[in-house]
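Below is one structure, written out as structure tokens; comments come after it.
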Amino acid sequence: MTAEYQVHGDVAVITLNNPPVNGLGLSTRQAIVDGLEKAENDPAVKAVVLTGAGKAFSGGADIREFGTPKAIQEPNLLSVITRVENTTKPVVAAVHSVAMGGGLELALGAHYRIAAPGTNVALPEVKLGLIPGAGGTQRLPRVLGVEAALNMIVSGEPVKSEMLAQLPGQKLFDKLAASAETLAEEALAFARDMAAKHADGSAFPLVRNLPCKHKDGDAYFQFARNMVKGMSKNFPAPAKCVDAVEAATKKKFAEGMAFEREIFINLMWTAECRALRHLFTAERAASKIPDVPEDTPQRKIEKVAVIGAGTMGGGIAMNFLNAGIPVIMLEMKQEALDRGTGVMRKNYEAQVKKGKLKQDKYEQRMALLSTTLSYDDLKDADLVIEAVFEELGVKEAVFKELDRVMKPGAILASNTSTLDVNKIAHFTKRPQDVVGLHFFSPANVMKLLEVVRGDATAKDVMATVMTVAKKIKKVAVVSGVCDGFIGNRMIEQYGRQGGFLLDEGCTPAQVDKAIEKFGFAMGPFRMGDLAGNDIGWAIRKRRYQEKPDMKYSKTADLLCELGRFGQKVGKGWYDYVPGKRDAIPNAEVEQMIVEHRKAQGITPRKISDEEIVQRLVFSLVNEAAHILEEGIANKASDIDVVYIFGYGFPVHRGGPLNYANEVGLFNVVQAMKRFAKNPLDDAKFWEPAPLLARLAAEGKTF
Numbered sequence: 257m258t259a260e261y262q263v264h265g266d267v268a269v270i271t272l273n274n275p276p277v278n279g280l281g282l283s284t285r286q287a288i289v290d291g292l293e294k295a296e297n298d299p300a301v302k303a304v305v306l307t308g309a310g311k312a313f314s315g316g317a318d319i320r321e322f323g324t325p326k327a328i329q330e331p332n333l334l335s336v337i338t339r340v341e342n343t344t345k346p347v348v349a350a351v352h353s354v355a356m357g358g359g360l361e362l363a364l365g366a367h368y369r370i371a372a373p374g375t376n377v378a379l380p381e382v383k384l385g386l387i388p389g390a391g392g393t394q395r396l397p398r399v400l401g402v403e404a405a406l407n408m409i410v411s412g413e414p415v416k417s418e419m420l421a422q423l424p425g426q427k428l429f430d431k432l433a434a435s436a437e438t439l440a441e442e443a444l445a446f447a448r449d450m451a452a453k454h455a456d457g458s459a460f461p462l463v464r465n466l467p468c469k470h471k472d473g474d475a476y477f478q479f480a481r482n483m484v485k486g487m488s489k490n491f492p493a494p495a496k497c498v499d500a501v502e503a504a505t506k507k508k509f510a511e512g513m514a515f516e517r518e519i520f521i522n523l524m525w526t527a528e529c530r531a532l533r534h535l536f537t538a539e540r541a542a543s544k545i546p547d548v549p550e551d552t553p554q555r556k557i558e559k560v561a562v563i564g565a566g567t568m569g570g571g572i573a574m575n576f577l578n579a580g581i582p583v584i585m586l587e588m589k590q591e592a593l594d595r596g597t598g599v600m601r602k603n604y605e606a607q608v609k610k611g612k613l614k615q616d617k618y619e620q621r622m623a624l625l626s627t628t629l630s631y632d633d634l635k636d637a638d639l640v641i642e643a644v645f646e647e648l649g650v651k652e653a654v655f656k657e658l659d660r661v662m663k664p665g666a667i668l669a670s671n672t673s674t675l676d677v678n679k680i681a682h683f684t685k686r687p688q689d690v691v692g693l694h695f696f697s698p699a700n701v702m703k704l705l706e707v708v709r710g711d712a713t714a715k716d717v718m719a720t721v722m723t724v725a726k727k728i729k730k731v732a733v734v735s736g737v738c739d740g741f742i743g744n745r746m747i748e749q750y751g752r753q754g755g756f757l758l759d760e761g762c763t764p765a766q767v768d769k770a771i772e773k774f775g776f777a778m779g780p781f782r783m784g785d786l787a788g789n790d791i792g793w794a795i796r797k798r799r800y801q802e803k804p805d806m807k808y809s810k811t812a813d814l815l816c817e818l819g820r821f822g823q824k825v826g827k828g829w830y831d832y833v834p835g836k837r838d839a840i841p842n843a844e845v846e847q848m849i850v851e852h853r854k855a856q857g858i859t860p861r862k863i864s865d866e867e868i869v870q871r872l873v874f875s876l877v878n879e880a881a882h883i884l885e886e887g888i889a890n891k892a893s894d895i896d897v898v899y900i901f902g903y904g905f906p907v908h909r910g911g912p913l914n915y916a917n918e919v920g921l922f923n924v925v926q927a928m929k930r931f932a933k934n935p936l937d938d939a940k941f942w943e944p945a946p947l948l949a950r951l952a953a954e955g956k957t958f
């Protein structure tokens with residue numbers, strides 16, 4: 257059963273039991289209604305307590321039913337809440353741990369509410385591109401006050417029950433339990449008291465009957481709209497939250513409910529909502545590896561070693577220190593260690609200054625860090641991650657040393673961004689213990705972690721590193737071994753298109769502005785300047801040897817020959833003023849591009865923003881289709897997760913493959929056929945990947 261029914265003396269207790277968060281799926285909703293029916297028909301029962309088993313009261317809708325007929329099948333959540341309100345015996349919601357979304361809306365339908373301290377209370381629907389759809393926008397303002405409720409609904413962020421209980425005039429909680437442990441006992445006693453209170457037949461209090469007004473209504477809601485508009489320009493849901501809460505103050509309850517429902521259903525069909533729901537499930541699905549069962553035994557990770565104290569090594573180490581895991585850091589020279597730890601301290605001090613980190617926490621974290629100049633000192637570490645220069649010979653020397661000193665069963669990880677993890681694994685006598693852990697820069701900030709699975713990587717290693725990723729708050733995506741893995745292999749094609757667009761008539765600023773307007777955090781040329789143009793130059797030099805038939809624009813090489821390596825030297829595709837990130841167009845660079853066109857005999861043409869966006873984005877899509885077909889990525893949604901969390905792809909578009917689905921794969925293929933006819937582009941690249949061609953022909957999606 258997904259909800260259990262028990263009678264304790266004269267109180268019936270209905271306990272939601274649908275792990276992990278007691279989602280309100282169809283069978284749970286039905287079980288609640290059945291429980292209420294039983295309680296009403298039992299003359300010995302005087303009151304009902306509604307609560308949740310395990311680590312939640314209820315996290316809301318059961319996401320496994322999203323988009324299926326079960327999600328709306330009767331009794332839907334609105335019907336369940338109405339049934340709770342109309343129960344002829346007092347219903348007390350005993351909330352604890354998590355009361356979110358539909359779970360909170362269900363509690364708001366009860367006659368009384370008692371909460372355990374530390375309960376996370378939220379209406380997070382806005383994060384899925386929706387507004388609450390079962391009365392949240394109408395009931396929460398009635399119990400918390402309009403402003404507190406609107407702040408919670410628009411942000412979607414959880415607030416602790418004890419903080420809400422302190423709000424003046426709040427009617428959300430009738431009682432705060434002494435502790436989570438005593439909640440059940442206190443709820444039973446409270447339910448008995450309420451049964452005695454209403455023994456005379458007096459009506460039970462209903463949230464829907466409470467008044468809902470704001471003294472400066474029109475002015476306040478206009479202010480709220482302006483604030484929301486500035487913060488969420490690509491998302492319609494936050495502004496609709498304001499409309500729905502305003503309706504609670506101006507319409508009768510039933511009209512407000514109908515208005516909320518209409519908004520909810522309309523938002524359900526928006527591309528933004530589809531994108532956010534896709535990402536919600538994609539992020540959770542990314543941690544599941546098809547042939548690695550969830551109960552795979554894992555290795556203990558209690559101490560981590562990091563090799564290299566540069567930007568990357570320091571950032572990687574900070575992730576583990578933040579999670580309370582001791583780190584030993586190795587460098588070849590003491591000055592390098594001092595410099596690296598100094599940067600880490602500076603990063604932490606900046607957080608302390610901004611009030612994001614307490615001084616004692618900063619000191620605790622740094623106390624977990626030790627340093628060494630000797631490989632022999634790493635022998636006790638359970639996991640070692642190298643972050644040394646991206647060159648196979650350098651990696652070989654490191655892994656041979658690790659093979660010599662590390663204890664049996666230690667996991668040996670490489671932070672390589674492009675190199676062959678299988679080759680690296682075979683520099684050791686234990687390839688089963690070797691894995692790629694590709695952190696993104698800055699490693700202490702970026703959420704994405706590409707976990708590169710070698711041919712020999714053991715299943716327990718994979719299970720362990722996926723758990724470790726969660727512990728250090730990373731979104732981990734598994735990639736097979738190929739040049740550049742998922743993210744960098746795709747970004748190379750995107751960068752090539754950027755170069756061809758310069759050859760044909762664009763300026764770097766025109767390309768960047770077009771793709772940033774589409775929603776990217778930054779365009780290809782600003783991104784190159786941030787990463788360092790010399791890194792791309794080194795990769796291209798390797799390509800010229802390995803793939804002499806692969807076509808590139810020469811503009812990026814010419815830029816590097818001018819010493820314009822990007823932000824780190826104050827000049828790249830753009831100029832930079834010390835201490836500022838503003839990209840200032842440079843006349844010398846634009847002239848260099850013009851001269852290059854002349855030398856190539858190219859007559860520049862006017863290129864539309866639409867063409868710029870399509871060429872950049874569809875280049876990602878076509879390469880992603882090859883990656884899927886080769887089995888480098890497990891599923892299409894994994895690629896979307898990589899691009900959202902690692903490359904600044906616009907969240908409201910849900911990743912490159914979700915966006916391609918929205919555009920229609922037939923339309924994507926037609927555009928690619930047009931691009932293939934451009935003599936200055938790479939016709940061979942624009943041949944649709946077999947998987948893409950097949951899906952488009954069959955009218956399917958990724």
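Note that the sequence shown covers residues 257 to 958 in my numbering.
For each residue, glycine too, the CB sits at the ideal point set by N, CA and C.
Since this is a predicted model, take the numbers as computed values, not measurements.
>> Let's test the definition: count the other Cβ atoms within 10 Å of the Cβ of E293 and tell me whether it reaches 16, buried, or not, exposed.
In response: Answer is exposed; the Cβ neighbour count stays below 16.
> Could you give the C-beta distance for S670 and V677, rounded to a whole number, given that I count them as a contact under 8 Å?
Replying inline: Contact holds; Cβ gap of about 6 Å.
>> According to DSSP, is Q262 part of a helix, a strand, or is it coil?
In response: Residue state, collapsed to three classes: strand.
> Is it buried or exposed for F958, if we count other Cβ within 10 angstroms and need 16 for buried?
Replying inline: Its Cβ being crowded by 16 or more others within 10 Å, F958 is buried.
>> Going by beta-carbon coordinates alone, are I863 and L757 separated by less than 8 Å?
In response: With contacts defined as CB atoms closer than 8 Å, I863 and L757 qualify as a contacting pair.
>> Please list the terminal residues of the continuous beta strand (DSSP E) segment that includes A355.
In response: A355 -> beta strand (DSSP E) spans 354-356.
> According to the neighbour-count rule (16 or more other Cβ atoms, all chains shown, within 10 Å of its Cβ), is E528 buried or exposed?
Replying inline: Classification of E528: buried, given that the 10 Å Cβ count is 16 or more.
>> Would you call the stretch 572-589 in contact with the stretch 924-943, where contact means no fewer than 3 C-beta pairs closer than 8 Å?
In response: Because the criterion of three Cβ pairs below 8 Å is not met, the stretch 572-589 and the stretch 924-943 do not touch.
>> Just to check my reading of the structure: V305 and V263 have Cβ atoms closer than 8 Å, yes? What is that Cβ distance to the nearest angstrom?
In response: About 11 Å separates the two Cβ atoms, so there is no contact after all.
> Within 10 angstroms of its Cβ, does A363 collect 16 or more other Cβ (buried), or is it exposed?
Replying inline: Classification of A363: buried, given that the 10 Å Cβ count is 16 or more.
> DSSP on P841, reduced to helix/strand/coil?
Replying inline: In the three-state reduction of the DSSP assignment, P841 falls in the strand class.
>> What residue range does the alpha helix (DSSP H) around H694 cover?
In response: Where H694 is concerned, there is no enclosing alpha helix (DSSP H), although the beta strand (DSSP E) it sits in stretches over 690-695.
> Beta carbon of N789, beta carbon of A770: below 8 Å?
Replying inline: Contact flag unset, no.
> Alpha carbon to alpha carbon, what distance is there between A421 and G969?
Replying inline: Because the chain here runs from 257 to 958, residue 969 falls outside it and cannot be looked at.
>> I'd like to know whether the C-beta atoms of F861 and E760 end up nearer to each other than 8 Å.
In response: Just to set this straight, residue 861 is Arg in the shown sequence, not Phe. Cβ distance < 8 Å, so R861 and E760 count as in contact.
> Beta carbon of E587, beta carbon of A565: below 8 Å?
Replying inline: Yes, the Cβ-Cβ distance between E587 and A565 is below 8 Å.
> With distances taken between CB atoms, is the gap from V845 to L815 smaller than 8 Å?
Replying inline: For V845 and L815, yes; Cβs fall inside 8 Å.
> Shorter than 8 Å from the beta carbon of A592 to some beta carbon of chain C?
Replying inline: The chain inventory of the structure shown lacks chain C, comprising one protein chain alone.
> What's the gap between the Cα of G740 and the Cα of G692?
Replying inline: When rounded, the distance between both Cα atoms is 12 Å.
>> Between which residues of its own chain and R601 is the CB-CB distance below 8 Å, once the five residues before and five after are set aside?
In response: M622, listed in sequence order.
>> DSSP three-state label for A433, please.
In response: Coil.
>> Buried or exposed for Y800, going by 16 or more other Cβ atoms inside 10 Å?
In response: By the neighbour-count criterion, in which 16 or more other beta carbons inside 10 Å mark a residue as buried, Y800 falls on the exposed side.
>> Taking its Cβ as the centre, do 16 or more other Cβ atoms sit within 10 Å of T258, making it buried, or is it exposed?
In response: By the Cβ-count criterion, T258 is buried, with 16 or more other Cβ atoms from all chains shown falling within 10 Å of its own Cβ.
>> Cutting at 7 Å between CB atoms, please list the residues of its own chain near G736, excluding the five before and the five after it.
In response: Leaving aside the five residues that flank G736 on each side, the residues in its chain whose CB is nearer than 7 Å to its CB run, in chain order, R709, G887, I888.
> Under a Cβ-count criterion, where at least 16 other Cβ atoms within 10 Å of its own Cβ denotes burial, should V701 be classed as buried or exposed?
Replying inline: Under a 10 Å Cβ-count criterion, V701 is classified as exposed, with fewer than 16 other Cβ atoms of the shown protein chains found around its own Cβ.
>> Counting beta carbon pairs with one atom in the stretch 936-952 and one in the stretch 908-926, are three or more of them shorter than 8 Å?
In response: The answer is yes - the stretch 936-952 touches the stretch 908-926, with three or more Cβ pairs under 8 Å.
>> Quick test of your reading: A447 and V301, contact by CB under 8 Å. State the CB separation rounded to the nearest angstrom.
In response: A447 to V301, Cβ: 10 Å. No contact.
>> Rounded to the nearest angstrom, what separates Y368 and P461 at their Cα positions?
In response: Going from the Cα of Y368 to the Cα of P461 covers about 8 Å.
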